[in-house]
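Scroll down for the structure; my scribbles are underneath it.
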Amino acid sequence: MRLAEFILRDIEPILAEWEAFAATHLPAATRMNSSALRDHAPEILRAIVLDLNTAQTPDEQDRKAKGGVPRPHDGANTAAQTHAVMRAEAGFSIVQMASEYRALRASVLKLWSAAARDLDIDLIAAMEDARRFNEAIDQALMESVTFFTQEVERTRNLFLAVVGHDLRNPLDTILKNVEYLSRLGLEGVASEVLGRLTRGGVRIKHLLDDLLDFNRAALGGCISITVAEVDLARCARSRSMISKALIATGRSGSTPPASSRRVGRRAHSTSSCRTC
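See the structure below:
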């Protein structure tokens, strides 16, 4: 019995061993059901069977060993590539995902060997099947590792971009309030504190600008931002509280800029802005 025939015939026992091994990958597998644990394993096995049943010349074998595998004609991801993305999103580590292929290789060869023990098999054909099977497993592993790494890198860059962008709003609020306080003519320790706050805020702003520039380049584009509702009255009350606190401590304050007095109850925006 050839290996391709065995995989199709005994695909369920093979998948059962895959599922049992995947369930040991904690903590990611804790909340995963049978379907999630198996993920794209059936498609990966069928792709391997298709590869085993496809004639291969020595030149094609050499190209495959060096990563020269042709892409699908429709440009779609392979089962191994999609599996990698799903495992990354589920919280698997790259080591855990790669170990699934090691376990799959061992399971298939073990079960095939046990099934063919009492059969009269062609040793040369069996050796060729084992070699082709190992090639197919290695190819699927490389596809998964490549896509897993790309997905992790993309997620990390996106996270840094979101954090960098979201920190700008509270930082701008701090800097604007510091700028307002600096116009009140504070002296002594208060003036020194405001100076330190200004210098620290400006430095953080420069760092965030650099971070956003880096992530624009890494992500290859911009982040679409939808402006949400803002309570301008609350902002005005905060500024009013600062003025009252200064008056209570015996310090006189100047009148806030005219722009801060033209405050409505709510400001609405449905437009989009971009970070670049």
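Under my numbering, the first residue of the sequence shown carries the number 111, and numbering increases by one thereafter. Even for Gly, the Cβ is constructed at its ideal location relative to N, Cα and C. Remember, predicted model here, so these are calculated numbers, not experimental data.
Looking at A190 and A240, is the spacing between their C-beta atoms short of 9 Å? The count along the sequence shown starts at 1 and reaches residue 240 at position 130. The count along the sequence shown starts at 1 and reaches residue 190 at position 80. In this structure, A190 does not lie closer than 9 Å to A240 by Cβ.
Beta-carbon gap between F258 and M207 smaller than 9 Å: What you label residue 258 is simply residue 148 of the sequence shown in a count that begins at 1. What you label residue 207 is simply residue 97 of the sequence shown in a count that begins at 1. In contact: F258 and M207 (Cβ atoms closer than 9 Å).
Range of the contiguous alpha helix (DSSP H) that encloses Q191: Within the sequence shown, the letter at position 81 stands for residue 191. Its alpha helix (DSSP H) spans residues 189 to 200.
Compute the Euclidean distance between the alpha carbons of F243 and A235, then round it to the nearest angstrom. The residue labelled residue 243 in the question sits at position 133 within the sequence shown. The residue labelled residue 235 in the question sits at position 125 within the sequence shown. Computed Cα separation, rounded: 12 Å.
DSSP-derived helix/strand/coil call for K176: Taking the sequence shown and counting its residues from 1, the one referred to as residue 176 is at position 66. Annotated three-state conformation of K176 is coil, per DSSP.
Less than 8 Å between the CB atoms is what I'm expecting for L281 and G311, so what's the real figure, rounded? The residue labelled residue 281 in the question sits at position 171 within the sequence shown. The residue labelled residue 311 in the question sits at position 201 within the sequence shown. Confirmed, Cβ separation roughly 6 Å.
Give the range of the alpha helix (DSSP H) segment to which P123 is assigned. Residue mapping note: residue 123 aligns to position 13 of the sequence shown, counting from 1. Its alpha helix (DSSP H) spans residues 121 to 132.
Hey, would you say D149 sits closer than 9 Å to R197, going by beta carbons? As a position in the sequence shown, residue 149 is number 39, starting the count at 1. As a position in the sequence shown, residue 197 is number 87, starting the count at 1. Yes. Within cutoff.
Taking 9 Å as the threshold (C-beta atoms), are M142 and A226 in contact? Translated into the one-based positions of the sequence shown, residue 226 becomes position 116. Translated into the one-based positions of the sequence shown, residue 142 becomes position 32. Going by C-beta atoms, A226 is not nearer than 9 Å to M142.
Are there 16 or more other CB atoms within 10 angstroms of the CB of I231, so buried, or fewer, so exposed? Along the sequence shown, read from residue 1 onward, the residue named residue 231 stands at position 121. Per the 10 Å Cβ criterion, exposed.
Is it true that the CB of L277 sits closer than 9 Å to the CB of L219? Within the sequence shown, numbered from 1, the residue matching residue 219 stands at position 109. Within the sequence shown, numbered from 1, the residue matching residue 277 stands at position 167. Against a cut-off of 9 Å, the Cβ pair of L277 and L219 comes out as no contact.
Taking only the alpha-carbon atoms, compute the straight-line gap between V205 and K286 and give it to the nearest angstrom. As a position in the sequence shown, residue 205 is number 95, starting the count at 1. As a position in the sequence shown, residue 286 is number 176, starting the count at 1. Using only the alpha carbons, I get a separation of about 47 Å.
Count the other CB atoms, across all protein chains shown, that sit within 10 Å of the CB of E129; report buried if there are 16 or more and exposed otherwise. On the sequence shown, residue 129 is found 19 positions in, with the first residue counted as 1. The residue in question, E129, is buried, as its Cβ has 16 or more Cβ neighbours within 10 Å.
Assigned secondary structure, T365 (DSSP; H/G/I helix, E/B strand, else coil): Counting from one through the sequence shown, the residue named residue 365 turns up at place 255. The pLDDT assigned to T365 is 44, lower than 50, so where the model puts this residue is not dependable; a value taken from the coordinates is nonetheless given after this. Correct three-state label for T365: coil.
Simplified DSSP state of N143, which is helix, strand or coil: For the purposes of this step, residue 143 is taken as the residue at position 33 of the sequence shown. Of the three classes helix, strand and coil, the one that applies to N143 here is coil, per DSSP.
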